[in-house]
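**Q** Residue numbers (the numbering used here): 20 to 318.
Quick reminder that beta carbons are idealized off the backbone N, C-alpha and C, glycines included.
These figures come from a predicted structure and were not determined experimentally.
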């Protein structure tokens with residue numbers, strides 16, 4: 020059993036590494052564990068090297084290395100699932116809990132194949148020093164270009180998609196910049212009209228707006244197209260379906276941090292109307308409530 024299982028595990032690791040390379044730009048804006056070029060490059064290099072060792076090493080070494088690899092991946096996937104973080108092991112659209120299930124199945128397969136791994140004899144490729152050198156160079160030769168391509172793609176993407184310094188009327192007619200973050204895309208769907216309201220907790224006008232909106236819409240059905248954004252220094256929290264100056268945690272909230280790039284300037288309160296991903300209207304100040312009610316009545 021170990022004979023074919025080792026090749027299946029190697030192919031799985033190669034596939035996940037290839038997925039990360041292909042979706043590097045989306046991963047960088049996913050906000051998950053693999054949201055920096057260095058982390059993606061490290062993950063890709065590790066998976067390629069691990070695949071090479073599991074596929075080419077002597078049976079016992081390959082077996083215990085596979086156990087250590089998938090035990091580590093299980094811990095990471097389990098922690099991500101427990102803390103509701105995106106590990107994005109299989110790309111930016113990875114379903115929550117899926118990596119944990121896959122890793123547990125792999126570990127179960129390794130446990131079942133333990134006895135056969137002890138009986139498996141090394142092949143001619145594993146016994147030959149010369150072939151070992153060739154295999155090692157081949158693995159390194161694959162890992163370096165794949166990891167390097169992630170860094171190059173990230174640098175190119177950062178130059179091409181620089182975040183605007185100002186969020187205001189300059190965005191009218193343009194795609195809402197934060198839709199490059201997959202989590203924000205989930206909160207701000209592209210196939211409908213969404214009302215995004217930027218508020219600051221310390222802003223008295225924002226506090227009044229939130230109370231007036233609650234009073235005005237008390238008898239109306241909840242507006243699914245409403246997204247409140249509570250802005251703290253270096254941290255914006257998107258709150259779908261609510262116009263709130265606070266940022267209570269829930270599975271639907273999305274936090275965007277500005278640790279590695281300049282935080283855009285946004286006046287508070289500001290209403291942005293986004294239709295099919297494009298900003299079609301922007302209002303700031305005292306008329307936000309009136310405009311919000313007017314746009315809401317049209318939708």
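Between the segment 60-74 and the segment 124-131, do three or more beta carbon pairs fall short of 8 Å?
**A** Short answer: they don't touch.
**Q** Distance check for residue 289 and residue 92, CA to CA, integer angstroms please.
**A** Cα to Cα, the separation comes out at about 43 Å.
**Q** Excluding the 5 residues preceding and the 5 following residue 116 in the sequence, name in chain order all residues of the same chain whose CB lies nearer than 6 Å to its CB.
**A** Correct list, in chain order: 100.
**Q** Name the two residues that bound the continuous beta strand (DSSP E) containing residue 255.
**A** Start and end: 254-259.
**Q** Taking a contact to mean a Cβ-Cβ separation below 9 Å, would you say residue 52 touches residue 95 in this structure?
**A** Cβ distance < 9 Å, so residue 52 and residue 95 count as in contact.
**Q** Could you give the C-beta distance for residue 109 and residue 55, rounded to a whole number, given that I count them as a contact under 8 Å?
**A** That belief does not hold up - the Cβ atoms of residue 109 and residue 55 are roughly 18 Å apart, past 8 Å.
**Q** Tell me the residue span of the alpha helix (DSSP H) that contains residue 73.
**A** Its alpha helix (DSSP H) spans residues 56-75.
**Q** In terms of DSSP beta bridges, what is residue 194 paired with?
**A** Paired residue(s): 297.
**Q** Can you list, in chain order, the residues of its chain with a C-beta nearer than 8 Å to that of residue 33? Leave out the 5 residues immediately preceding and following it.
**A** 66, 67, 70.
**Q** Please confirm whether residue 213 and residue 245 have their CB atoms less than 9 Å apart.
**A** It is a contact, given that the beta carbons lie within the stated cut-off.
**Q** Three-state secondary structure (DSSP) at residue 281?
**A** If DSSP states are grouped into helix, strand and coil, residue 281 belongs with coil.
**Q** Residue 225 to residue 296, Cα distance in whole Å?
**A** In a straight line, the C-alpha of residue 225 is about 25 Å away from that of residue 296.
**Q** Closest by CA to residue 61, which one among 203, 40, 123?
**A** The option with the nearest alpha carbon to residue 61 is 40.
**Q** What residue range does the alpha helix (DSSP H) around residue 88 cover?
**A** Segment 78-101, the alpha helix (DSSP H) holding residue 88.
**Q** By Cβ distance below 8 Å, which residues in the same chain neighbour residue 194 in space, the five residues on each side in sequence not counted?
**A** For residue 194, where only same-chain residues beyond five positions count, the Cβ hits under 8 Å are 296, 297, 298.
**Q** Within its chain, find whatever has a CB closer than 6 Å to the CB of residue 89; leave out the 5 residues flanking it on each side and keep chain order.
**A** Closer than 6 Å at the Cβ level, and outside the excluded window around residue 89, lie 122, 125, 126.
**Q** For residue 29, which residues from the same chain have a beta carbon less than 6 Å from its beta carbon, with the 5 sequence-adjacent residues on both sides left out?
**A** The answer, listed in chain order, is 70, 73, 74.
**Q** Quickly, what does DSSP pair residue 232 with across the bridge? List them, please.
**A** According to DSSP, residue 232 bridges with nothing at all.
**Q** Let me check understanding here. Comparing Cα to Cα, which of 236, 86, 223 lies closest to residue 261?
**A** Measuring from the Cα of residue 261, the nearest candidate turns out to be 236.
**Q** Taking just the CA atoms, how far does residue 37 sit from residue 291?
**A** Each residue's Cα considered, the two are about 37 Å apart.
**Q** Whose C-alpha, out of 275, 24, 249, is nearest the C-alpha of residue 200?
**A** Cα-wise, what sits closest to residue 200 is 275.
**Q** Since residue 202 and residue 273 should fall inside the 8 Å C-beta cutoff, what is the C-beta to C-beta distance between them, to a whole number of angstroms?
**A** Residue 202 to residue 273, Cβ: 4 Å. Contact.
**Q** To which residues does DSSP link residue 292 through a beta bridge?
**A** 214, 300.
**Q** Does the distance from the C-beta atom of residue 184 to that of residue 257 stay below 9 Å?
**A** Taking 9 Å as the Cβ cut-off, residue 184 and residue 257 do not qualify as a contacting pair.
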